[in-house]
Ligand code: CTP
Ligand code: MG
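In my numbering, the protein residues as written are 1180 to 1759.
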């Protein structure tokens, strides 16, 4: 287990980090066999299996299991000096606990998963509304609770405090250390993946947050479901990424369908509205009010109702997630499922996507603020397209995934054909054996020379096609095929991407393949690509390679001295060190 505020990786000597698997940090208290938590998840396999030996679960199975797990879970704000053993014993009065972990975000929090849902009800029944408060409160019962110590005798020495789990990526300093210690560039890409991918605990916290918001929405719409989508579930999420969720009202009617048998059909009386869009805006508006007024820990609620896809944006302080809530966005969930399949098919896919995403972030090609820049989603689709273009292909086209689908896979959403095979075992693995190093270099070369002025990117067919309009970057939406997912990207941002891709291909071409001695602080391989602009000599800056190394060395020293370890300052995902 990690010491409080210090990531797991930082505590191990570097050699043991590389050679041994990272110790699992969830402690099990009275573990229930057969539950989702007992079957899936280590820090390296957070989403139900992306490597060959792990059973490859269907996306829908993983989502259902995570949802059910979240419903048996509570979030508890704890005093810093809580005694973990006593805490667990106290909670066990309500039933056996399957899993728990502690983390910090505006104070110490515990995520506690019971074996049975009844235990949550029992705990809630034994919970009081706050007493002795000076400020008035709105009595609102949720699964976000507050633990109070009754007397100071419960206090314990500092070394016995509950240990916390990190929810943030490593600092730049730590990452450069890890990359420098890798054996080769392939190892560097895998190291970066392990350092940045969502941990098992972070995935649980994301599903729990959706479940807590679902409880609030259910006050208006009993039987609704809030599903996470996007990078939280598609296997491409980086620690610190936002939490995209959508309110699924289609689930409501499904509950009681069997009661409609016989001569009669009973329907709910409902109000009519002029359009689906107005219905969405009205729903988001009332839920926004409810979250703003009564949602514990939900702050900064913004109603962005005039966007193409209306949404609510807010911070969930206790989890540290920036949340985007939309309504009936089932096509986006389907595209998350498609990405999940691509991410699970070959272990090189995620490693490459994470490195490209980190590279783009390091060079300010992407940003957490919406604008004319390229998005992580677009970058992911570009990597998928590139891997479809290899010989032999590493990833199948969407059309070939559709051709493998059976009747049960058939899916039409809002008139769009979203059918593809969902059983990962039906997809033949690729015979391509190219290294990650080669793929990274070729990715930069491919897109450094891509005819963006006339061609579009299309993962459905895995072929370059003529652009249907004059957008600088045209990436066809895989399901809503008349849409361009990178419509927002300006010519200057695209040019910046192309220039940096060419520079990076050149740097990798020049790279001395032998790793410097372990004592050397000089960045190499992937680390060189992640250095800030100007730190590296490029064909554009027309400098020679030798002086570059000296400059880079100096720069690394300055990064090391100036960068604070992100694991020390933990609050709020927007404040974390995600520059790489
Ligand atoms: N999406 C889409 N079309 C777009 C933008 C987004 O279909 N033009 C869908 C994708 O399924 C995407 C999800 O909405 O995964 C969430 O969008 P976003 O948060 O921008 O991307 P993420 O994939 O979640 O990546 P990030 O880690 O940057 O949040
Ligand atoms: Mg997202």
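For every residue, glycine included, the Cβ atom is placed at its ideal position computed from N, Cα and C. Quantities reported herein were computed from a predicted structural model and do not represent experimental measurements.
Host beta strand (DSSP E) of residue i (start-end)
| i | result |
| --- | --- |
| residue 1479 | 1477-1483 |
| residue 1446 | First-last for residue 1446: undefined, no H or E at that position. |
| residue 1491 | 1490-1495 |
Spatial distance of residue i from residue j (CA atoms)
| i | j | result |
| --- | --- | --- |
| residue 1420 | residue 1411 | 7 Å |
| residue 1377 | residue 1442 | 51 Å |
| residue 1547 | residue 1297 | 40 Å |
| residue 1463 | residue 1400 | 12 Å |
| residue 1481 | residue 1269 | 38 Å |
| residue 1289 | residue 1355 | 31 Å |
| residue 1359 | residue 1534 | 15 Å |
| residue 1567 | residue 1512 | 22 Å |
| residue 1478 | residue 1416 | 23 Å |
| residue 1258 | residue 1285 | 11 Å |
| residue 1468 | residue 1563 | 39 Å |
| residue 1603 | residue 1471 | 41 Å |
| residue 1672 | residue 1711 | 17 Å |
| residue 1549 | residue 1528 | 26 Å |
| residue 1690 | residue 1571 | 26 Å |
| residue 1574 | residue 1348 | 28 Å |
| residue 1351 | residue 1541 | 10 Å |
| residue 1499 | residue 1630 | 41 Å |
| residue 1243 | residue 1425 | 15 Å |
| residue 1414 | residue 1646 | 29 Å |
| residue 1329 | residue 1387 | 28 Å |
| residue 1622 | residue 1508 | 31 Å |
| residue 1642 | residue 1636 | 7 Å |
| residue 1319 | residue 1502 | 21 Å |
Residue i, enclosing alpha helix (DSSP H) - first and last residue
| i | result |
| --- | --- |
| residue 1685 | 1670-1689 |
| residue 1397 | Unbroken run through residue 1397: none, as it is neither H nor E. |
| residue 1351 | 1351-1360 |
| residue 1299 | 1296-1304 |
| residue 1456 | 1455-1473 |
| residue 1530 | 1526-1541 |
| residue 1176 | The chain is shown only over 1180 to 1759; residue 1176 falls outside these bounds and no answer can be derived. |
| residue 1366 | 1364-1375 |
| residue 1559 | 1555-1567 |
| residue 1583 | Premise fails: residue 1583 is in no alpha helix (DSSP H) and is neither H nor E. |
| residue 1267 | 1263-1271 |
| residue 1619 | 1615-1627 |
With 16 other Cβ atoms within 10 Å as the buried cut-off, status of residue i
| i | result |
| --- | --- |
| residue 1465 | exposed |
| residue 1489 | buried |
| residue 1447 | exposed |
| residue 1453 | exposed |
| residue 1704 | buried |
| residue 1308 | exposed |
| residue 1379 | buried |
| residue 1253 | buried |
| residue 1255 | buried |
| residue 1427 | buried |
| residue 1487 | exposed |
| residue 1660 | exposed |
| residue 1398 | exposed |
Whole-number beta carbon distance between residue j and residue i, since they are thought to touch under 8 Å
| i | j | result |
| --- | --- | --- |
| residue 1274 | residue 1295 | 5 Å |
| residue 1606 | residue 1524 | 6 Å |
| residue 1654 | residue 1560 | 5 Å |
| residue 1514 | residue 1407 | Residue 1514 to residue 1407, Cβ: 13 Å. No contact. |
| residue 1346 | residue 1384 | 7 Å |
| residue 1473 | residue 1591 | Incorrect: roughly 37 Å between the Cβ atoms, too far for contact. |
| residue 1650 | residue 1663 | 5 Å |
| residue 1369 | residue 1586 | Between residue 1586 and residue 1369 the Cβ distance is about 39 Å, and since that is not below 8 Å, they are no contact. |
| residue 1517 | residue 1577 | 7 Å |
| residue 1365 | residue 1615 | 4 Å |
| residue 1594 | residue 1681 | Their Cβ separation, rounded to whole angstroms, is 41 Å, which puts residue 1594 and residue 1681 out of contact at 8 Å. |
| residue 1476 | residue 1250 | About 18 Å; that fails the 8 Å criterion. |
Bridge partners - residue i, DSSP secondary structure assignment
| i | result |
| --- | --- |
| residue 1254 | 1290 and 1323 |
| residue 1505 | 1425 |
| residue 1636 | 1654 |
| residue 1281 | 1289 and 1343 |
| residue 1406 | 1425 |
| residue 1500 | 1495 |
| residue 1386 | None, per the DSSP bridge assignment. |
| residue 1162 | This structure cannot speak to residue 1162, because the chain is shown only from 1180 to 1759. |
| residue 1276 | 1293 |
| residue 1701 | Paired residues: none, contrary to the question. |
| residue 1644 | 1635 |
| residue 1591 | 1596 |
C-beta neighbour in chain B for residue i, strict 8 Å
| i | result |
| --- | --- |
| residue 1540 | Of the chains in the structure shown, none is chain B; there is only one protein chain. |
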